[in-house]
Structures are given as structure tokens and as C-alpha cells.
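Enquirer: Residue 184 is where the sequence shown starts when you use the numbering used here, and the numbers rise one by one after that. Sharing a structure here in C-alpha cells format.
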Amino acid sequence: MKIAIAIPAYGGVIRCETMTSIVQDCAWVNANGHELLFYWMDLHGVARARNMAVQRARESEADLLLMLDADTACDPTASGLELLVATMREKGCEAVAAVVPTRPPRMAPNVDPVKPFQAYEATKAGAAYLLLDIHKLEKLEPGHAWFNFTMADDGITIKESEDLYFCSQVRNRGGKVYADFRIPTTHMATVPLELKRLLGATDAHQP
């Protein structure tokens with residue numbers, strides 16, 4: 184199986200915690216004999232970066248695509264990708280997302296309060312740590328980009344974010360998105376590009 188891992192950075196910097204997650208996921212891919220592809224998606228808007236990652240995965244004939252934002256991290260002791268792949272195989276879905284705490288879980292209204300840490304079919308799910316089945320998505324044939332912002336009539340207010348747009352597009356075409364509550368994740372603020380450059384310039388003049 185060919186697995187692509189895309190890291191959308193949006194002009195920020197990758198965190199050490201995120202790098203640890205990447206190492207764990209890459210190690211799992213290699214240990215299980217899968218072919219690994221790696222995409223660094225920087226200096227692109229959110230929707231564009233995600234769409235470019237999907238397009239590159241298709242062109243590379245990847246089977247699965249994992250999107251891991253540069254400000255998101257998983258359990259440092261294990262591979263979150265391994266669990267996402269297992270969930271995808273079990274549910275036969277087009278996509279499965281880990282639930283990132285700071286992105287409100289406005290999803291899976293059927294969550295069992297007694298046993299919340301499971302995988303549930305989601306009406307809405309974030310894309311900060313998202314696994315896609317490229318072949319299943321192609322069969323849905325969207326005819327346009329999978330990720331897009333829906334704007335309000337004023338042309339300024341965001342009516343629907345790119346990840347929620349993706350979920351609605353998949354569901355409207357008969358597909359399924361799952362949210363996996365079993366994967367411990369964290370979300371960290373990235374350093375803005377301007378500050379990154381400033382720090383780099385300052386460090387260059389240190390004795």
C-alpha cells in the first residue's frame with residue numbers, strides 16, 4: 184500500500200511535538216512494508232493546501248493520504264496513523280479524523296456518554312489530523328475541489344470552513360466520515376512567519 188503524509192504549514196513552523204508524531208507515523212508505515220510519500224505544503228491558504236495534497240496523492244497513485252497540520256500532534260508514544268488506518272478498514276469509510284481538542288467536536292451527535300472513546304460516524308469533523316482513502320474519494324467524483332470555504336452573502340464572513348465543507352460534500356455523495364475519539368491529540372499555536380524570520384535574523388547575529 185502507498186501512503187502519503189502531507190504537512191500543511193500555512194507559512195508557520197513545524198513544532199517538535201508534531202515532528203514526533205510524524206516520526207511515529209513514518210516508522211509505522213515503514214515497519215509494515217508500505218511505501219511512504221511525504222509532502223511539505225507551505226505558504227498556501229488552508230483550502231488550497233489541502234486540495235493540493237489530495238491532487239498530489241492522486242498523481243502519485245497513493246492509496247491513503249494523511250493530513251497532519253504543523254500545529255497538531257498525537258500521542259508521542261504511538262502512531263495515530265496506525266489507529267486511523269484500522270478504523271478506516273473497520274468502517275469502510277472515505278475519511279476518518281482524530282478529534283483535536285481546540286476544534287469543537289460539532290460532530291458525531293450519537294456519542295455514547297458511557298463509552299465516549301470510540302469511533303463514530305461524524306456529521307462534521309476537522310482536518311488537522313485526517314486520513315483519506317483516495318480511491319473511495321475518486322469514486323464519489325466531486326467534479327470540483329474537495330475543500331473550500333463557503334462565504335456568506337457579504338463576501339467576508341465564513342459560513343462554512345473548508346473541513347466542514349469537505350464533510351458535507353462526502354456525505355452528500357453517499358460517503359461517510361468518521362471521528363475517532365480514541366486518539367489523544369493536542370493543538371499548539373504556531374509561530375507566525377514574520378516572527379520566524381525575525382528570530383532567524385536575530386540568531387544569525389549572535390556571537
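Ideal Cβ positions, reconstructed from N, Cα and C, are used throughout, including at glycine.
Report yes if the C-beta distance between I186 and L249 is below 8 Å; otherwise report no.
Expert: Position 3 of the sequence shown holds residue 186. Position 66 of the sequence shown holds residue 249. Against a cut-off of 8 Å, the Cβ pair of L249 and I186 comes out as a contact.
Enquirer: For the alpha helix (DSSP H) containing T203, list its first residue and its last residue.
Expert: Here residue 203 is taken as the residue at index 20 of the sequence shown, counted from 1. Unbroken alpha helix (DSSP H) run through T203: 199 to 214.
Enquirer: Using alpha carbons as the reference points, say which of I190, A281, Q352 lies closest to H327.
Expert: As a working note, residue 327 is residue 144 in the sequence shown. For the residues I190, A281, Q352, the minimum Cα distance to H327 belongs to Q352.
Enquirer: Using the beta-carbon count (16 or more within 10 Å), is V283 buried or exposed?
Expert: Residue mapping note: residue 283 aligns to position 100 of the sequence shown, counting from 1. Buried: at least 16 other Cβ atoms inside 10 Å.
Enquirer: For the stretch 353 to 370 and the stretch 252 to 262, state whether three or more C-beta atom pairs, one from each stretch, are separated by less than 8 Å.
Expert: These segments touch.
Enquirer: Between V212 and R231, what straight-line distance do the alpha-carbon atoms span, to the nearest angstrom?
Expert: Translated into positions along the sequence shown, residue 212 becomes position 29. Translated into positions along the sequence shown, residue 231 becomes position 48. Cα to Cα, V212 sits roughly 26 Å from R231.
Enquirer: Determine, using beta-carbon pairs with one atom in the stretch 309 to 316 and one in the stretch 267 to 283, whether at least three such pairs fall under 8 Å.
Expert: Counting Cβ pairs under 8 Å, three or more are found: they touch.
Enquirer: By how many angstroms is the C-alpha of A362 removed from the C-alpha of G309?
Expert: Here the question's residue 309 lines up with position 126 in the sequence shown. Here the question's residue 362 lines up with position 179 in the sequence shown. About 9 Å.
Enquirer: Please look up how many angstroms separate the CB atoms of Q301 and S262, rounded, as I've assumed it's under 8 Å.
Expert: As a working note, residue 301 is residue 118 in the sequence shown. As a working note, residue 262 is residue 79 in the sequence shown. Q301 to S262, Cβ: 19 Å. No contact.
Enquirer: DSSP on T270, reduced to helix/strand/coil?
Expert: Here residue 270 refers to the residue found at position 87 of the sequence shown. Correct three-state label for T270: helix.
Enquirer: According to DSSP, what are the bridge partners of W223?
Expert: Start at 1 with the first residue of the sequence shown, and residue 223 comes out as number 40. In DSSP, W223 forms a bridge with I190.
Enquirer: What's the C-alpha gap between A280 and A305?
Expert: As a position in the sequence shown, residue 280 is number 97, starting the count at 1. As a position in the sequence shown, residue 305 is number 122, starting the count at 1. Answer to the nearest angstrom: the Cα atoms are 9 Å apart.
Enquirer: Quick one: is M290 buried, meaning 16 or more other Cβ sit within 10 Å of its Cβ, or exposed?
Expert: One-based indexing of the sequence shown puts residue 290 at position 107. Here M290 scores only 47 on pLDDT, less than 50, and its place in the model should not be relied on; the value that follows carries that caveat. It is buried - the Cβ of M290 has at least 16 other Cβ atoms within 10 Å.
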